[in-house]
Amino acid sequence: MKDYKQLLLANKAWAKQRLELDEEYFETLSKDQQPKFLWIGCSDSRVPAEEITNAQPGEVFVHRNVANLVVHTDINLLSVLQYAVEVLHVKHIIVCGHYGCGGVKAAMGPTDLGIINKWLRNIKEVYDKYNNELTDILDEESRFKRLVELNVAEQVKNLSKTSIVQRSWKNFQLPHIHGWVFDMSTGLIKEVMEIEACSPIDPIFKYDFPTNELVSNSSIY
Ligand SMILES: [Zn+2]
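Everything in the sequence shown is counted per numbering that gives the first Met the number 0, starting at 0 for the first residue and increasing by one.
Below is the structure:
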């Protein structure tokens, strides 16, 4: 059997199982989504957001890319962020990286990988920012792990620098932002960073919004 056919068969079995537990399951699922969480994770196949948090369909709004980056010119990420924050009003944004991340590992090396060089450059900038701390870690595996954590922390900060998040903090006092790292050798998630809604922001990254601004008028990032 072709590999992909297995996925379709598994889908049929899953749908049947759901209906056996609750015959109105898909009727309810089709109506609406009100997820409390936006998950920004790595595309790595070993870090499925819902699976590792035991979440059900409808609970987590998900965006994944290589090495879970929040890049301020990434229209894909910004579109997901804007929808999650302004329409779904998620209470929490979670950036979840993972130890053993191939993207972070590649960014630590000198190999020319083509177009992805430009994406990984964002991680090289994180390395550069924490060069002193990282250079002091002599064990390469430990340095790699620390960069995974620092990368997550920087992406959490990047979210707080967006006008989408800052405007929502002003109007709704949400969302809170969390930085997590998944350890696939134990299956456990480590919390590495948290920025509560309405936390102080470095003045150079802080936006002022007119007090009479309509909540829905937020097309400028
Ligand atoms: Zn990864």
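Glycine residues also receive a C-beta, built at the ideal position from the N, C-alpha and C atoms.
Taking 8 Å as the cut-off, the Cβ atoms of Val155 and Val70 do not count as close. With respect to the 8 Å criterion, Gly96 and Asn121 are not classified as neighbours on the basis of their beta carbons.
Around the CB of Asn150, 16 or more other CB atoms lie within 10 Å, so the residue is classed as buried. Rounded to whole angstroms, the gap between the alpha carbons of Leu18 and Phe25 is 8 Å.
In the pairwise beta carbon analysis, the segment 36-43 is classified as touching the segment 53-64: at least three pairs are separated by under 8 Å.
In this structure, Cys197 has its CB at a distance of at least 7 Å from all heavy atoms of ligand 1.
An exposed status is given to Pro199, since fewer than 16 other beta-carbon atoms sit within 10 Å of its beta-carbon.
If you draw a straight line from the Cα of Thr52 to the Cα of Trp179, it is about 12 Å long.
Under the three-state reduction of DSSP output, Arg120 falls in the helix class.
Cys95 has its Cβ no nearer than 7 Å to any heavy atom of ligand 1.
Contact check for Phe143 against Val191 fails: the beta carbons are separated by 8 Å or more.
Rounded to the nearest whole angstrom, the CA to CA distance from Phe171 to Thr161 is 15 Å. Ala105 is not a Cβ neighbour of Tyr126, given a cutoff of 8 Å. When the alpha-carbon of His175 is set against those of Met183, Glu195, Ile115, the nearest one is in Glu195. By the Cβ-count criterion, Val86 is exposed, with fewer than 16 other Cβ atoms from all chains shown falling within 10 Å of its own Cβ. 8 Å or more divides the Cβ of Val65 from the Cβ of Ile114. Counting only runs of 3+ residues, the beta strand (DSSP E) found wholly inside the segment 32-73 occupies 36-41, 59-64, in chain order.
Here Ser159 is buried, its C-beta having at least 16 other C-beta atoms within 10 Å. The beta carbon of Ala152 lies closer than 8 Å to those of Gly178, Val191, Met192 in the same chain, with the five residues before and after it left out.
Apart from the 5 residues on each side of it in sequence, Tyr129 sits with its Cβ closer than 7 Å to the Cβ of Leu149 in its chain, given in chain order. When the five nearest sequence neighbours on each side are left out, the beta carbons in the same chain lying within less than 7 Å of the beta carbon of Leu28 are those of Pro56, Gly57, in order along the chain. Its chain contains Gln165 as the residues whose beta carbon lies nearer than 8 Å to that of Lys205, once the 5 sequence neighbours on both sides are disregarded; these appear in chain order. The three-state reading of DSSP puts Val147 in helix, counting H, G and I together.
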